[in-house]
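Take a look at the structure set out below.
Number of protein chains: 2
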Amino acid sequence: MTRIACCQISPAIADLAGNSALIEDQITAAVAAGADIIVLPELVTSGYMLADADEARSVALTPDSPEFIKWAAAAGDSVVIGGFCEVGEDGRLYNSAAVVDANGVIATYRKTHLWDREKLIFTPGAALPPVLKTRHGVIAVMVCYDLEFPELTRLAAVQGAELIVAPVNWPLFPRPEGERPGEVVTAMSTARVNKIAVAACDRSGVERGQRWTAGSAIVDPDGWVVATAGPDAGLAIADIDLSVTHDKSLTEHVDLLADRRLDLY
Amino acid sequence: MTRIACCQISPAIADLAGNSALIEDQITAAVAAGADIIVLPELVTSGYMLADADEARSVALTPDSPEFIKWAAAAGDSVVIGGFCEVGEDGRLYNSAAVVDANGVIATYRKTHLWDREKLIFTPGAALPPVLKTRHGVIAVMVCYDLEFPELTRLAAVQGAELIVAPVNWPLFPRPEGERPGEVVTAMSTARVNKIAVAACDRSGVERGQRWTAGSAIVDPDGWVVATAGPDAGLAIADIDLSVTHDKSLTEHVDLLADRRLDLY
Chain H
1 MTRIACCQIS PAIADLAGNS ALIEDQITAA VAAGADIIVL PELVTSGYML ADADEARSVA
61 LTPDSPEFIK WAAAAGDSVV IGGFCEVGED GRLYNSAAVV DANGVIATYR KTHLWDREKL
121 IFTPGAALPP VLKTRHGVIA VMVCYDLEFP ELTRLAAVQG AELIVAPVNW PLFPRPEGER
181 PGEVVTAMST ARVNKIAVAA CDRSGVERGQ RWTAGSAIVD PDGWVVATAG PDAGLAIADI
241 DLSVTHDKSL TEHVDLLADR RLDLY
Chain V
1 MTRIACCQIS PAIADLAGNS ALIEDQITAA VAAGADIIVL PELVTSGYML ADADEARSVA
61 LTPDSPEFIK WAAAAGDSVV IGGFCEVGED GRLYNSAAVV DANGVIATYR KTHLWDREKL
121 IFTPGAALPP VLKTRHGVIA VMVCYDLEFP ELTRLAAVQG AELIVAPVNW PLFPRPEGER
181 PGEVVTAMST ARVNKIAVAA CDRSGVERGQ RWTAGSAIVD PDGWVVATAG PDAGLAIADI
241 DLSVTHDKSL TEHVDLLADR RLDLY
């Protein structure tokens, strides 16, 4: 079993130092709770509602930034995934995710599907999400809106990912009484049609007038939500057997990947 | 507004005449309820749990079969979609759907993704689902397990479908208390990530030991279930404005189809 934790927190806009301390605390707490894989929200180092590229640049990091040394120091035996505002070697800004273990940053991913006004600040990533063999399972790393593209999530399953981890910041959309956020519905569908686990770590709170969904969800490979984090800051935590994701059969004659009609599409 | 109806009924195995009468009654009732588009279950003419190819062949129809003349006679101004066991001009058996209006059969589709033991009886269809401009909107026709393949549902949206209609027979799978059937979760996700409506017409009852989900659902283009048919035989009916499906934008800078990264996948 792999213990997965989503730290649904509320970073402060453009407060690198304050957010860094908050993140360190959260990683420490999740490790103490026995988490093997720890997911943090999108743009957790910087906050999301950056006014423009200038402000984003003022809080941009690189994988060599000292903030990630603190993540690594707190990580223990876990693998930590969180979003950050990245300035590339090309001088461009990216909405990125870092994958960190005790040794430091082991991978980064630049969000390929930018949401709304992100397009005015960030450059979309040029590479597909990494599928990483970590000490705690094979994980595909995506960021927020990426999850809405079945092309991308399917590809992760085909490439052998056991778990999709996604730092997200889901802006609050209206939804009917009693319904889960639509993004969670899609995470559930992604899990069940691919027999893969999904862990999406949202943020809570309000930031420069933007209310967030606080919809963090851990979904098992059958497509059922096994943990959420409540309506405010909180921890979603669940144990999932990721090994079942390698067998895509549901019955004797059904195999979710082999049954694709690759001759038709 | 387009009025969509799913007739969740319980056809009897291998009883062509009885099922034909039941179907005629259902179409008549749905037309009386003002339905523009009427969806019937998968293999509604024959029942599903056919023992083998011989039994399937004994109840197989062609688009020219007189049963469909009755559908047409009852259809009024509506468009009717229902599943049938088809014997092709090649002598092979297909798990098909017929699209019928007052003029007769206007299209057929042969299920491309066969579920489980269907593979022992039927030949998979060789052509993608049709996307048809009907008098009541642009509809894509799929059958049951087809809906589980985002490749196929995405393609329907890209091809301009406003509504996916799907005759289904969902075998009852266990699910956590309070959850919708997983297939409905996927229909909801399909609707919201493509901004398209989905109408899946399931069956009710038990057939040769197989319990059915009775999960018929009409999903609006925002991804919310707007009608179901209850746990037994029943009618799901809803009015949906299909015209909204042509605008795939959610905000000023978000467009669900234009935002795909076709350079990457």
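Protein chains in written order, with full-length UniProt numbering: chain H, 1 to 265; chain V, 1 to 265.
Where is the CB? At the ideal position from N, CA and C, for every residue including glycine.
Below 8 Å on the Cβ atoms is my contact criterion, and I expect residue i with residue j to pass it. Report the Cβ-Cβ distance as a whole number of Å.
i: V:V225; j: V:D202; result: That belief does not hold up - the Cβ atoms of V:V225 and V:D202 are roughly 13 Å apart, past 8 Å.
i: H:A166; j: H:P130; result: In fact, because the Cβ distance is near 13 Å, the residues do not count as touching under 8 Å.
i: H:S96; j: H:R110; result: 5 Å
i: V:P14; j: V:S58; result: The sequence shown places Ala at residue 14 of chain V, rather than the Pro named in the question. Right, their Cβ atoms sit about 7 Å apart.
i: V:H253; j: H:K248; result: Not a contact, Cβ separation roughly 36 Å.
i: V:A5; j: V:A33; result: 6 Å
i: V:T112; j: H:V193; result: Incorrect: roughly 16 Å between the Cβ atoms, too far for contact.
From the options, pick the residue whose C-alpha is nearest to that of residue i; which is it?
i: H:T28; options: H:A74, H:V158, H:E148, H:G125; result: H:A74
i: H:A214; options: H:A35, H:E148, H:P171; result: H:P171
i: H:A122; options: H:E207, H:A56, H:A17, H:F173; result: Just to set this straight, residue 122 of chain H is Phe in the shown sequence, not Ala. Closest option to H:F122, Cα to Cα, is H:A56.
i: H:A236; options: H:H246, H:H253, H:S249, H:S216; result: H:S216
i: V:F149; options: V:L128, V:L250, V:A102; result: V:L128
i: V:L262; options: V:L147, V:M49, V:A5, V:V158; result: V:V158
i: V:G91; options: V:T251, V:T112, V:G205, V:A53; result: V:A53
i: H:L40; options: H:V244, H:E207, H:A229; result: H:A229
i: H:G209; options: H:D25, H:Q8, H:M49; result: H:M49
i: residue 312 of chain H; options: H:H136, H:E89, H:V143, H:H246; result: What is shown of chain H runs 1 to 265, which leaves residue 312 of chain H out entirely.
i: V:D101; options: V:V31, V:L155, V:D146; result: V:V31
Just reading off the alpha helix (DSSP H) that residue i is part of, what are its end residues?
i: H:N19; result: 16-32
i: V:E151; result: 150-158
i: H:P167; result: Premise fails: H:P167 lies in the beta strand (DSSP E), 163-167, not in any alpha helix (DSSP H).
i: V:A227; result: Per DSSP, V:A227 belongs to no alpha helix (DSSP H); it is in the beta strand (DSSP E), 225-228.
i: V:R57; result: 53-58
In three-state terms, what does DSSP make of residue i?
i: H:L93; result: strand
i: H:V213; result: Looking at the sequence itself, residue 213 of chain H is Thr, so the reference to Val does not match. DSSP places H:T213 in coil when its eight states are reduced to three.
i: H:P181; result: coil
i: V:L147; result: helix
i: V:L61; result: strand
i: V:P221; result: coil
i: V:S78; result: coil
i: V:P171; result: strand
i: H:D263; result: coil
i: V:A191; result: helix
i: V:A98; result: strand
i: V:F68; result: helix
Taking just the CA atoms, how far does residue j sit from residue i?
i: V:G47; j: V:A12; result: 6 Å
i: H:K195; j: H:G182; result: 19 Å
i: V:F68; j: V:F84; result: 10 Å
i: H:Y94; j: H:V87; result: 6 Å
i: V:A199; j: V:G18; result: 25 Å
i: H:D36; j: H:T45; result: 21 Å
i: V:E162; j: V:L152; result: 14 Å
i: V:K70; j: V:A227; result: 27 Å
i: H:E42; j: H:A258; result: 33 Å
i: H:A140; j: V:F173; result: 28 Å
i: V:L61; j: H:S189; result: 34 Å
i: V:A191; j: V:I23; result: 28 Å
i: H:S20; j: H:G82; result: 12 Å
i: H:D255; j: H:V219; result: 20 Å
i: V:D77; j: V:R3; result: 12 Å
i: H:D232; j: H:G205; result: 7 Å
i: H:R260; j: H:A51; result: 44 Å
i: H:A126; j: V:Y265; result: 12 Å
i: V:V244; j: V:P221; result: 8 Å
i: V:L250; j: H:R175; result: 14 Å
i: V:D146; j: V:H136; result: 23 Å
i: V:R154; j: H:L16; result: 40 Å
What is the residue span of the beta strand (DSSP E) that residue i lies within?
i: V:R110; result: 104-110
i: H:I38; result: 37-39
i: H:D239; result: 234-240
i: V:V131; result: 131-134
i: V:I9; result: Unbroken run through V:I9: none, as it is neither H nor E.
i: V:L250; result: 249-251
i: H:V44; result: H:V44 -> no beta strand (DSSP E), and no H or E assigned at all.
i: V:A126; result: It is not in any beta strand (DSSP E) - V:A126 carries neither H nor E in the DSSP assignment.
i: V:G137; result: 137-141
i: H:A200; result: 197-201
Just to confirm, does residue i get its C-beta within under 7 Å of one of the non-hydrogen atoms of the ligand SAH?
i: V:G76; result: In the structure on display, the ligand SAH does not appear, and there are no ligands present to speak of.
Are any of the Cβ atoms in chain A nearer than 8 Å to that of residue i?
i: V:Y265; result: Of the protein chains in the structure, H and V, none is chain A.
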